[in-house]
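Chains as they are written, first to last, in my numbering: chain A, 1 to 111; chain B, 1001 to 1113. Where is the CB? At the ideal position from N, CA and C, for every residue including glycine.
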Amino acid sequence: TQLLEQSPQFLSIQEGENLTVYCNSSSVFSSLQWYRQEPGEGPVLLVTVVTGGEVKKLKRLTFQFGDARKDSSLHITAAQTGDTGLYLCAGARTGTYKYIFGTGTRLKVLA
Amino acid sequence: EAGVTQSPTHLIKTRGQQATLRCSPISGHTSVYWYQQALGLGLQFLLWYDEGEERNRGNFPPRFSGRQFPNYSSELNVNALELEDSALYLCASSVDFGSYEQYFGPGTRLTVT
């Protein structure tokens, strides 16, 4: 059973377009992290969201944690080719110390 | 500040052999995590060490084992290698037991022939 489902699984867009990636669960998480991974490298931590309803902005990236802390979204404005990569959400369910990664969204931004 | 380091970068073994992978966390970090990422797939949690103790283990057979040393570096051992063990093995560290923000190393690419 995959506790963190991401959608879409694959996304190919043109440079300059906007996109949103979703991370959903039926479980409550104490916090969620978003990472970006490039081929053959380790994931790089982008952000942590902790409070329900929290919105964090990182330049063109906007991260939101759902009010019930069961889901999160990542919105990229005016995508650039450098945004290409595998985006992963991850977290530990409240009351556990089992850290899990989402299924991933593979983004390709075309010039 | 140096990031998480892993060695070796690449490792080629034959079926049935043993592999040892090493990880040095960021200075000051006490928790170390190991993940397996098969080609094109997601990260599968293997092991979590904190302060020298194994805190949690993923759904992997006992031939996957490891340890954490007093200086917080860690070692992952895979015995009786199988072809399907071929993958990128990633190590991550976090500040302590309660922090979920993980910082990853570049990984060790293990190939079993």
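May I ask you to list the residues that DSSP assigns as paired with residue i?
i: residue 1005 of chain B; result: B/1024
i: residue 1029 of chain B; result: Note: residue 1029 of chain B sits in no beta bridge, so no partner.
i: residue 1066 of chain B; result: B/1076
Just to confirm, is the Cβ distance from residue i to residue j under 7 angstroms?
i: residue 1015 of chain B; j: residue 1112 of chain B; result: yes
i: residue 48 of chain A; j: residue 31 of chain A; result: yes
i: residue 102 of chain A; j: residue 88 of chain A; result: yes
i: residue 1102 of chain B; j: residue 1092 of chain B; result: yes
i: residue 1081 of chain B; j: residue 1006 of chain B; result: no
i: residue 42 of chain A; j: residue 1090 of chain B; result: yes
i: residue 1049 of chain B; j: residue 1068 of chain B; result: yes
i: residue 56 of chain A; j: residue 63 of chain A; result: yes
i: residue 1110 of chain B; j: residue 1011 of chain B; result: yes
DSSP three-state label for residue i, please.
i: residue 81 of chain A; result: helix
i: residue 1082 of chain B; result: coil
i: residue 1017 of chain B; result: coil
i: residue 1095 of chain B; result: coil
Is there at least one Cβ from chain B nearer than 7 angstroms to residue i's Cβ?
i: residue 31 of chain A; result: yes
i: residue 66 of chain A; result: no
i: residue 41 of chain A; result: yes
i: residue 45 of chain A; result: yes
i: residue 152 of chain A; result: Since the displayed chain A opens at 1 and closes at 111, residue 152 of chain A lies outside it and no answer follows.
i: residue 105 of chain A; result: no
i: residue 48 of chain A; result: yes
Is the CB of residue i under 7 angstroms away from at least one CB in chain A?
i: residue 1107 of chain B; result: yes
i: residue 1090 of chain B; result: yes
i: residue 987 of chain B; result: This structure does not reach residue 987 of chain B, given that chain B is present from 1001 up to 1113, and the question cannot be answered.
i: residue 1064 of chain B; result: no
i: residue 1075 of chain B; result: no
*What residues in the segment 1041 to 1059 of chain B have a beta carbon less than 9 angstroms from any beta carbon of chain A?*
1041, 1042, 1043, 1044, 1045, 1048, 1055, 1056, 1058
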